Amino acid sequence: MNVTQDLSIIELIINASLVVKLIMLLLVGVSVMSWYWIFRKWFALRDARSQTDRFEREFWSGSDLNTLYQAALHDRHGGGALEHIFEAGYREFTKLHAQKTADPSMIVDGARRAMRASYQREIDALDAHLSFLASVGSVSPYVGLFGTVWGIMHSFRGLAQMSTATLSAVAPGIAEALVATAIGLFAAIPAVVAYNRYAHDVDRLSVRLESFMEEFSNILQRQLR
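Its first residue numbered 1, the sequence shown is counted upward by one per residue in full-length UniProt numbering.
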């Protein structure tokens with residue numbers, strides 16, 4: 001086998017030691033899962049932004065609150081985060097308002113608490129699996145580095161049995177070990193980029209949802225005067 005064959009990617013992977021092969025397989029599996037969640041979260045956040053924009057337009061168009069509430073209850077598509085928060089807040093508001101003895105401040109506080117609980121559920125759903133991307137981004141390079149170190153150790157143990165060490169003898173062993181680091185970086189870099197981007201998008205949506213809760217609470221308070 002010549003040096004050119006030894007240094008082809010396929011040959012390097014095939015000739016790697018068992019431990020390095022297992023590490024490469026683990027990193028490839030993690031990378032596939034990472035890309036799966038990257039695309040899933042991209043679609044989920046895109047839909048969340050679209051649904052938030054749609055409901056904001058409907059809400060600030062001057063529609064009656066009860067009409068919006070009935071539409072939210074019968075939304076076949078399940079609505080978005082903002083619609084769920086509105087639905088939870090207005091449901092609690094109407095329930096407490098029906099109790100004639102309830103204090104106005106208690107009614108608004110109850111609606112605000114219901115919206116806060118719904119808000120937390122929506123943010124938890126948007127945050128789901130982002131921690132996996134963060135873990136892949138931070139751990140994968142070290143797993144790949146471990147495979148590289150193990151591969152180099154294995155290569156040098158083989159050299160110890162040779163009377164003379166040449167570049168053609170050393171290069172394939174070191175190169176196949178470095179493939180593990182390359183695969184680790186391939187898994188880590190997209191995961192880090194996606195995590196930073198999606199965390200920023202979730203933060204922006206979180207601010208929009210919190211602003212809506214405050215504005216809607218003020219509207220409900222004015223209705224009780």
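Ideal Cβ placement from N, Cα and C applies to all residues, glycine included. All values derive from a computational prediction rather than experimental measurement.
Next on the checklist: Short of 8 Å in beta carbon distance, which residues of its chain neighbour D53, apart from the five on each side in sequence? Order them along the chain.
Outcome noted: none
Checklist entry - Going by the beta-carbon positions, is the gap between L209 and L82 smaller than 8 Å? => result yes
Next on the checklist: Only counting the same chain, and skipping five residues up and downstream in sequence, which positions put a Cβ closer than 7 Å to that of Y198?
Outcome noted: Setting aside the 5 residues that flank it on each side, Y198 is surrounded in the same chain by K41, L45, L130, each with a C-beta closer than 7 Å to its C-beta; the list follows chain order.
Checklist entry - Whose C-beta lies closer than 8 Å to the C-beta of residue 234 among residues of the same chain, with five residues either side of it excluded? => result Here the chain comprises residues numbered 1 to 225, so residue 234 is not present and cannot be evaluated.
Checklist entry - Under a Cβ-count criterion, where at least 16 other Cβ atoms within 10 Å of its own Cβ denotes burial, should G144 be classed as buried or exposed? => result buried
Checklist entry - Terminal residues of the continuous alpha helix (DSSP H) containing K41? => result 18-59
Checklist entry - When the Cα atoms are used, what is the spatial distance from L12 to F43? => result Separation of L12 and F43 (C-alpha to C-alpha, rounded to the nearest whole angstrom) is 37 Å.
Checklist entry - Rounded C-beta distance between E92 and A72? I'm assuming under 8 Å. => result In this structure E92 is not in contact with A72, their Cβ atoms being roughly 14 Å apart against a cut-off of 8 Å.
Checklist entry - Since F55 contacts G80 with CB under 8 Å, what's their CB separation in whole angstroms? => result 6 Å
Item to check | Backbone secondary structure at Q120 - three-state DSSP | outcome: helix
Item to check | Cβ-based neighbour list, Y69, same chain, cut-off 7 Å, excluding 5 preceding and 5 following | outcome: E87, Y90
Checklist entry - Of the choices I10, S31, F216, L22, whose alpha-carbon is the least far from that of A194? => result If we check each option's Cα against that of A194, S31 comes out closest.
Checklist entry - At which residues does the alpha helix (DSSP H) containing G89 begin and terminate? => result 81-97
Next on the checklist: Only counting the same chain, and skipping five residues up and downstream in sequence, which positions put a Cβ closer than 8 Å to that of Q5?
Outcome noted: The pLDDT assigned to Q5 is 46, lower than 50, so where the model puts this residue is not dependable; a value taken from the coordinates is nonetheless given after this. The beta carbon of Q5 sits closer than 8 Å to those of E11, all from its chain and outside the five residues before and after it, given in chain order.
Item to check | C-alpha distance - V202 paired with S63, whole-angstrom precision | outcome: 28 Å
Checklist entry - Could you give the residue range of the alpha helix (DSSP H) that holds A72? => result 65-73
Next on the checklist: Measuring straight from C-alpha to C-alpha, what distance separates F212 and W37?
Outcome noted: About 29 Å.
Checklist entry - Do you know how far the Cα of E122 is from the Cα of S155? => result Between the alpha carbons of S155 and E122 lies a gap of roughly 52 Å.
Item to check | Sequence-distant residues of its chain with Cβ nearer than 7 Å to V28 (five each side left out) | outcome: I183
Checklist entry - How is A194 classed by DSSP in three states: helix, strand or coil? => result helix
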